[in-house]
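**Q**
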Amino acid sequence: MTGSLRRRILAGTAAALVVVFAALAVVLYVSVRAWLLGEMDRGLVAQARALAALTEVHHGRVIMDFDSGQPPEFLAVEHAQFFELWTSGGNVLARSPSLGDRDLSHQVPPGEAPAVRFVTLPNGRAGRQVAITFSPGHDANEAPTDAAILPVTLQVARDMHDLTRAAASLRRIFGIACGAALLICVGLSGWLIRRALRPLDAIAGRISQVGTRRLADRLDANNVPTELLPIVGRLNELLSRLEAAFNRERAFSADVAHELRTPLAGLETALEVCLSRPRESGDYQKLATQCLRTVRDMHALVDNLLVLARAEAGALAVRLTQFDLAALLDECWEPFGARAASRRLLVSRNGHGVGPITTDREKLRLVLCNLFDNAVTYADPGGRMSIDVRRPNGRIELHVSNTGNRLTCQQMSHAFERFWRGDPARAETGAHCGLGLPLCKELMTLLGGDISLESTEAGTFLAKVTMPMQAAIT
Amino acid sequence: MRILLVEDFELLRDSIAQGLREAGYAVDAASDGEEGLWYAESNPYDVLILDLMLPKLDGLSLLGRLREKNTQTHVLILTARDATEDRVRGLDLGADDYLVKPFVFAELLARVRALVRRKYQVKAPVIRVADLEVDTSARRVRRAGRAVELSAREYAFLELLASRAGQVVTRADIWNHLYDFNSATESNVVEVFIAHLRKKIEEPGRPRLIHTRRGHGYVLGEVQ
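Each protein sequence line maps, in turn, to chains P and S. Residue numbering for the first sequence follows the working numbering, beginning at -16 and increasing consecutively. Residue numbering for the second sequence follows the working numbering, beginning at 15 and increasing consecutively.
So, in structure tokens, the structure goes:
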């Protein structure tokens, strides 16, 4: 069941209250009715004993001595009461006028104690009847009474009408009282629940104020009920993660803007200045060459961004081919040879006999070119760089290292973040804008391999690529 | 007027420097923050054009260090960072103006001119000395209503004299404000420029405006 929590709690509380009040009403009703019945029975017994006291043996006959005539309740009126006196032999000695010539149902109590039971009265109504057995008193000069007569049984019966009416009143009173109490309790519960859930509304209010511009705000855990503390805690954690992600995205957009704006400004200014007056053809050629280089850097930047974005979105297709790794290494190294020579780098290389591997050649080429470019750029002038390929356990391990590493371990842990650069005030604009290593990471993951960075002995930077001999398309 | 340009992106640095030189400014260009700071501390520049994201020493730190030393150079920040907080921080650290990349070069020139005018406390773009008019926005000169054609360097020379009209401008001032480190100049180049300027500005029958104070320098204005 979904919907309002308040309504759910209220419905549950109301259902529980209905059950409790109904049970309470039933128990009360049953108890009070039993008590009323007990009172009625006690009244009947007292009446029976009073009638028994009026019964005596006179001249060998059992008579009931009503000094002032029959009590009015035993006359033949509506809701009259009844009595009937029996001999032990089962003959009727006397009966109330209200009985006429009818009989009460004959009942002989098993002992001295009065016996009470429900009966159907001669007028067809439900009634309550008590029977007592006793031996009536007699005058001292009277001869002992016939043993066949004594002891006598007196039955007194009364209509249930009063009790039924009282019970109906009770039911009505209890029903109304319980209903009213139920309504009050449900209303009170509703108010209490609303009050108890107010902190939720407060939190909802505060959450609704959180926007992308105010992600640094946190929900205040003070004055929050204990039950809501975990929720507030989790929400604050979520906000922290969101804030971090938003800040990353914001920084990323700013970095992209910077990386594109600066070369764009260069192109615009160069062309504007060039066109401001007539120039020699050599000047135009020089400018066109410079602009072309800038445009190619921008092109590479945009390509890298696109590949990164596609790799992160899982939209980069892998095309597996079998090729010679050594040939690819040669091909990738070729454009960097001249630069390495101009920086007087001592380059060592092995891996000529690694043989064919199966993977996405183009993507591996991108990775290798990035690593070579970094090594040639960041090695100290006159330093060493090495390209080392091994094949342990059916996997390829490719190490590209260079001397002249100035990065600390802490700095290196950021090297796979987009637009991160070793120099906090950043290296030159254009190439090496901090996309190469993140791109390598994405591509190696895609090819079922991995790339990690290490700072080995005395300022050597090492990029370790591992990958399967046979990449699988996942 | 002498300008220091600190920008790490080569194409942009070269083209701004070229454009400024062609407009008659003496320009020194540095490609990182440390080099920029060295230049800025070594010479009294009229305007410093400063990129913010620089290798070795970022632009805001450079600016902070210059202002700590009470350097009076007017600073124009040139950057791809356009967030308001960046601008505010730059201006609070003592920058005089802010231009976001990419920009139109004409706007950069206009802002540099405005900063030069501020430096010499000249509010109006046209400086008048007797019947000589130097329009610093249009970079045009007229003498008694007649247009005078000057090369960019000659104009810069005249503008420096005009902005301090009536005061002696020393040879050292001229060196500091009109020549950059790349200028391969002979020591008598100042005299050569003065001779050229006089030829173009002075007219027979009109009072001389450029006067030599031997051993001191030059003064622009009518001598009483």
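For every residue, glycine included, the Cβ atom is placed at its ideal position computed from N, Cα and C. Fair warning: this is a prediction, and the values are worked out from it, not measured in the lab.
1) Here's the rule I'm using: 16 or more other beta-carbon atoms within 10 Å means buried, otherwise exposed. How should Leu225 (chain P) be labelled?
2) Check for me: the beta strand (DSSP E) holding Arg16 (chain S) runs from which residue to which?
3) If you drop the 5 nearest sequence neighbours on each side, which residues of the same chain put their C-beta closer than 8 Å to that of Glu232 (chain P)?
4) Closer than 9 Å, Cβ to Cβ, to anything on chain P: give me those residues from the region 85 to 106 of chain S, in chain order.
5) Where does Gly43 (chain P) land, buried or exposed, given buried means 16+ other C-beta within 10 angstroms?
6) Taking Gln32 (chain S) as the query, report the chain P residues whose CB atoms sit under 7 Å from its CB, ordered along the chain.
7) Alpha carbon to alpha carbon, how far is Leu192 (chain S) from Val89 (chain S)? Give it in angstroms, no decimals.
8) Sort P:Phe229, P:Arg201, P:Asn206, P:Asn230 by Cα distance to Arg217 (chain P) and report the nearest one.
9) Please confirm if Ser151 (chain S) has its CB atom under 7 Å from at least one CB of chain P.
10) Let me check understanding here. Comparing Cα to Cα, which of P:Val135, P:Asn287, P:Leu222, P:Arg378 lies closest to Arg189 (chain P)?
11) Which chain S residues sit within Cβ distance under 7 Å of Arg348 (chain P)?
12) Kindly indicate which residue of P:His62, P:Gly173, P:Ser79 has the alpha-carbon position closest to the one of His144 (chain P).
13) Between Leu68 (chain S) and Gly108 (chain S), which are expected to be in contact by the criterion C-beta below 8 Å, what is the C-beta distance as a whole number of angstroms?
14) Buried or exposed: where does Gly33 (chain S) fall if 16 or more other Cβ atoms within 10 Å of its Cβ makes it buried?
15) Name, going along the chain, the residues of the region 259 to 287 of chain P whose beta-carbon falls closer than 9 Å to a beta-carbon of chain A.
16) Go through its chain and collect everything with a Cβ distance to Met47 (chain P)'s Cβ below 6 Å, but skip five positions before and after it.
17) Go through its chain and collect everything with a Cβ distance to Arg222 (chain S)'s Cβ below 7 Å, but skip five positions before and after it.
18) In or out: Arg178 (chain S) buried (at least 16 other Cβ within 10 Å) or exposed?
19) Please check if any C-beta of chain P sits within less than 7 Å of the C-beta of Leu25 (chain S).
20) From this set, S:Val136, S:Asp145, S:Arg157, S:Thr98, which residue's C-alpha is nearest Ser151 (chain S)'s C-alpha?
21) For the alpha helix (DSSP H) that contains Thr147 (chain P), what are its first and last residues?
22) Which stretch, first to last residue, makes up the beta strand (DSSP E) that contains Met427 (chain P)?
23) Closest by CA to Leu71 (chain S), which one among S:Val130, S:Leu25, S:Trp52, S:Leu234?
24) In whole angstroms, what separates the C-alpha of Ala98 (chain P) from that of Phe66 (chain P)?
25) Short of 7 Å Cβ to Cβ, which residues in the region 64 to 78 of chain S face chain P?
26) Taking the alpha helix (DSSP H) that Glu99 (chain S) belongs to, which residues open and close that run?
27) Output needed in chain order: residues of the region 115 to 139 of chain S with a Cβ under 9 Å from some Cβ in chain P.
28) Contact between the region 331 to 342 of chain P and the region 306 to 320 of chain P: three or more CB pairs below 8 Å?
29) Roughly how far, in whole angstroms, is the beta-carbon of Phe101 (chain P) from the beta-carbon of Ser79 (chain P), given that I think they are within contact range, below 8 Å?
30) With distances taken between CB atoms, is the gap from Pro116 (chain S) to Leu247 (chain P) smaller than 7 Å?
31) Mind pulling the chain S residues with CB within less than 8 Å of Leu247 (chain P)?
32) Do you know whose CA, among P:Ile(-8), P:Leu329, P:Ser396, lies nearest Leu175 (chain P)'s CA?
33) Counting C-beta neighbours from all protein chains within 10 Å, is the total for Ile214 (chain P) 16 or more, i.e. buried, or is it exposed?
34) Whose C-beta lies closer than 6 Å to the C-beta of Glu411 (chain P) among residues of the same chain, with five residues either side of it excluded?
35) What three-state label does DSSP hand Pro93 (chain P) in the structure shown?
36) Please identify the residue among P:Ala31, P:Ser81, P:Arg181 whose C-alpha is closest to the C-alpha of Gln138 (chain P).
**A** Considering the structure as presented:
1) exposed
2) 16 to 20
3) none
4) Leu92, Thr93, Ala94, Arg95, Asp96, Ala97
5) exposed
6) Val256
7) Using only the alpha carbons, I get a separation of about 18 Å.
8) P:Arg201
9) no
10) P:Leu222
11) By Cβ distance, chain S contributes nothing, its closest Cβ being about 27 Å from Arg348 (chain P), past 7 Å.
12) P:His62
13) With a Cβ gap of about 17 Å, Leu68 (chain S) and Gly108 (chain S) do not count as contacting.
14) buried
15) The question asks about chain A, but that chain is absent: this structure's protein chains are P and S.
16) Leu37, Thr38, Ala77
17) Glu216
18) buried
19) yes
20) S:Val136
21) 144 to 179
22) Unbroken run through Met427 (chain P) is the alpha helix (DSSP H), 419 to 429; no beta strand (DSSP E).
23) Among S:Val130, S:Leu25, S:Trp52, S:Leu234, the Cα nearest to that of Leu71 (chain S) is on S:Trp52.
24) 14 Å
25) Met67, Leu68, Pro69, Lys70, Leu71, Asp72
26) First-last of the alpha helix (DSSP H) with Glu99 (chain S): 98 to 106.
27) Lys115, Pro116, Phe117, Val118, Phe119, Ala120, Leu122
28) yes
29) Actually they are not in contact, since the Cβ atoms of Phe101 (chain P) and Ser79 (chain P) sit about 19 Å apart, beyond 8 Å.
30) yes
31) Chain S residues near Leu247 (chain P): Lys115, Pro116.
32) P:Ile(-8)
33) exposed
34) Note on Glu411 (chain P): pLDDT 48, under 50, position unreliable in the model; the coordinate value appears next. Once the five neighbours on either side are set aside, Glu411 (chain P) has no close Cβ partner at all.
35) coil
36) P:Ala31
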